[in-house]
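Each remark here refers to the structure printed beneath this line.
There are 2 protein chains.
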Amino acid sequence: MKFDASHEMEALKETQVASEEIFDGFILHVKKDLVALPNGETAYREIIRHIGAVCVIPVTEKNEVITERQYRYPIGRVTTEIPAGKLDSREEDRLSAIQRELREETGFSADEWTFLGDFYGAPAYSDERISMYMARKLHRGERELDDDEFLDVFTIPLQELVEDVMSGKIEDAKTQTAILKAARILGI
Amino acid sequence: MKFDASHEMEALKETQVASEEIFDGFILHVKKDLVALPNGETAYREIIRHIGAVCVIPVTEKNEVITERQYRYPIGRVTTEIPAGKLDSREEDRLSAIQRELREETGFSADEWTFLGDFYGAPAYSDERISMYMARKLHRGERELDDDEFLDVFTIPLQELVEDVMSGKIEDAKTQTAILKAARILGI
Chain Y
1 MKFDASHEME ALKETQVASE EIFDGFILHV KKDLVALPNG ETAYREIIRH
51 IGAVCVIPVT EKNEVITERQ YRYPIGRVTT EIPAGKLDSR EEDRLSAIQR
101 ELREETGFSA DEWTFLGDFY GAPAYSDERI SMYMARKLHR GERELDDDEF
151 LDVFTIPLQE LVEDVMSGKI EDAKTQTAIL KAARILGI
Chain Z
1001 MKFDASHEME ALKETQVASE EIFDGFILHV KKDLVALPNG ETAYREIIRH
1051 IGAVCVIPVT EKNEVITERQ YRYPIGRVTT EIPAGKLDSR EEDRLSAIQR
1101 ELREETGFSA DEWTFLGDFY GAPAYSDERI SMYMARKLHR GERELDDDEF
1151 LDVFTIPLQE LVEDVMSGKI EDAKTQTAIL KAARILGI
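Same order as they appear, the protein sequences are chains Y and Z. 1 is the number of the first residue of the first sequence in our numbering; add one for each residue after it. 1001 is the number of the first residue of the second sequence in our numbering; add one for each residue after it.
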């Protein structure tokens, strides 16, 4: 499938007319921009600027996955997720960042890393880009959680996680995609 | 895998201490909450309240998918996505909402709808819940786009979309998951 890039830009592009900073927080940077639409009209776009993030599905030799259970305040419950974390800066090397997060949150390091692609969780209103990896040849070490970080670590068979994704039991977006991508690569 | 719910709530839960409204926009509602952590310390949580959304992967009898190309202002480019839209209210019936969105954006209606599960794109800072469906037995009709809505509609083989997800070419989160779920269900 080929797309006509010049047509697309003419027919679909929105151009910034004005930009208002709404909130400059620690994690969320909120802006309200006035944009020109393809038909010449204008509209407001409320958007989040996010520093970016990384995540990893760590798979053992027995095809088990290192997962985390973590309280997610915005939705008011504990979710099953793969290890992930924010970048320290927009320029930080993404592979180094996820290697650090995996080690700190679970104690594991890994000899084999496969890039699974990038991931925009809400491109309608957020620029958060999550880079996704699979880690294999794992080595267990010690966890080093941040002072304000609370999470439990569990090892769950990939096959069981695939069933939990397909049944709707796993709700986190990046975790759903990473499980289905890893299962497809590993033939599970 | 079973989790100990009472342990989890004690060990992981964060409790609201105070809440400040930062921005009450059309789409984004931003709050900054002070929360009590499991160790008794406090921390700030910057969060988005979102009305909720729905999406659908419409698959033809020939296993082709109705997709959209749409300019996403926060990331500054056109993306390939499945049809989706916001709810009109938090109480709106989600299946009716996605049936309306599919008809308005692509002109298609469908006789067979399968719920594929819910999806949180950024549970660390947003409560946006996207309900995901697969639609089959499609009928073509007329599009009825909103005045400020600009998008192109393309039909692409599911097999080709799976390759584009696995290679990292498709960046939108819900689209990646929906393609991999549909492919798994349809044995592709």
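Ideal placement from N, C-alpha and C gives every residue a C-beta, glycine not left out.
Neighbour flag for residue i against chain Z, beta carbons, 8 Å
i: Pro58(Y); result: no
i: Glu190(Y); result: No answer is possible for residue 190(Y): the residues shown for chain Y start at 1 and end at 188.
i: Leu145(Y); result: no
i: Gln176(Y); result: yes
i: Asp24(Y); result: no
i: Asp127(Y); result: yes
i: Asp88(Y); result: no
i: Gly121(Y); result: yes
i: Pro38(Y); result: yes
i: Gly187(Y); result: no
i: Gln70(Y); result: yes
i: Lys32(Y); result: yes
i: Lys217(Y); result: With chain Y represented from 1 up to 188, any question about residue 217(Y) goes unanswered, as that position is not in the structure.
i: Tyr133(Y); result: no
i: Thr79(Y); result: yes
Nearest candidate by alpha-carbon position, reference residue i, set the options
i: Asp152(Y); options: Asp88(Y), Ile82(Y) and Val54(Y); result: Ile82(Y)
i: Leu186(Y); options: Lys1174(Z), Asp1024(Z), Tyr1071(Z) and Met1166(Z); result: Met1166(Z)
i: Asp24(Y); options: Phe1026(Z), Val1030(Z) and Gln1176(Z); result: Val1030(Z)
i: Ala18(Y); options: Arg45(Y), Ile98(Y), Leu102(Y) and Ile27(Y); result: Arg45(Y)
i: Thr1175(Z); options: Phe1026(Z), Lys1062(Z) and Gly1085(Z); result: Gly1085(Z)
i: Phe26(Y); options: Asp1147(Z), Glu1142(Z), Tyr1125(Z) and Glu1104(Z); result: Tyr1125(Z)
i: Glu1101(Z); options: Phe1119(Z), Ala1053(Z) and Lys1062(Z); result: Ala1053(Z)
i: Val1056(Z); options: Ala1135(Z), Arg1103(Z) and Arg1077(Z); result: Ala1135(Z)
i: Asp148(Y); options: Tyr1133(Z), Phe1003(Z), Lys1062(Z) and Leu1012(Z); result: Leu1012(Z)
i: Glu1104(Z); options: Tyr1133(Z), Glu1021(Z) and Glu1142(Z); result: Glu1142(Z)
i: Tyr1073(Z); options: Tyr73(Y), Ala122(Y), Arg90(Y) and Thr80(Y); result: Ala122(Y)
i: Phe1189(Z); options: Ile22(Y), Leu34(Y), Val78(Y) and Ala183(Y); result: In the structure displayed, chain Z extends from 1001 to 1188; residue 1189(Z) sits before or after that span and is not available.
i: Glu92(Y); options: Ile130(Y), Ile22(Y) and Glu163(Y); result: Ile130(Y)
i: Glu160(Y); options: Ile188(Y), Phe150(Y) and Thr177(Y); result: Ile188(Y)
i: Asp1164(Z); options: Leu145(Y), Ala183(Y), Asp118(Y) and Glu144(Y); result: Asp118(Y)
Residue i to residue j span [Cα, whole Å]
i: Ile75(Y); j: Phe1115(Z); result: 21 Å
i: Arg1140(Z); j: Ser1109(Z); result: 7 Å
i: Ala1036(Z); j: Met1009(Z); result: 13 Å
i: Lys1137(Z); j: Ile48(Y); result: 38 Å
i: Arg69(Y); j: Glu1112(Z); result: 35 Å
i: Thr1155(Z); j: Glu1041(Z); result: 53 Å
i: Val59(Y); j: Val65(Y); result: 5 Å
i: Glu1014(Z); j: Tyr71(Y); result: 7 Å
i: Glu128(Y); j: Tyr120(Y); result: 6 Å
i: His1050(Z); j: Asp1088(Z); result: 11 Å
i: Lys1032(Z); j: Ala43(Y); result: 27 Å
i: Leu95(Y); j: Pro1038(Z); result: 31 Å
i: Ala97(Y); j: Gly1168(Z); result: 19 Å
i: Ile1179(Z); j: Leu1158(Z); result: 7 Å
i: Ala1005(Z); j: Asn63(Y); result: 26 Å
i: Glu61(Y); j: Thr106(Y); result: 17 Å
i: Leu1034(Z); j: Gln1016(Z); result: 6 Å
i: Tyr133(Y); j: Val162(Y); result: 17 Å
i: Lys181(Y); j: Ile170(Y); result: 15 Å
i: Thr80(Y); j: Thr67(Y); result: 7 Å
i: Glu1144(Z); j: Asp1172(Z); result: 24 Å
i: Ala183(Y); j: Gln99(Y); result: 21 Å
According to DSSP, residues forming a beta bridge with residue i
i: Met1134(Z); result: Ile1057(Z) and Thr1114(Z)
i: Pro1157(Z); result: Glu1064(Z)
i: Ile47(Y); result: Lys31(Y)
i: Glu20(Y); result: Lys32(Y)
i: Ser1109(Z); result: His1139(Z)
i: Tyr71(Y); result: Val78(Y)
i: Phe1026(Z); result: Answer is none; Phe1026(Z) lacks a bridge partner.
Proximity test, Cβ basis, 8 Å: residue i and chain Y
i: Ala1011(Z); result: yes
i: Gly1117(Z); result: yes
i: Arg1136(Z); result: no
i: Arg1100(Z); result: no
i: Ile1075(Z); result: yes
i: Ala1171(Z); result: Before going further, note that residue 1171(Z) is Glu rather than Ala in the sequence given. Interface residue, yes.
i: Gly1107(Z); result: no
* Asked: Quick one: complete alpha helix (DSSP H) runs, 4+ long, within the segment 79 to 105 of chain Y?
  -> none
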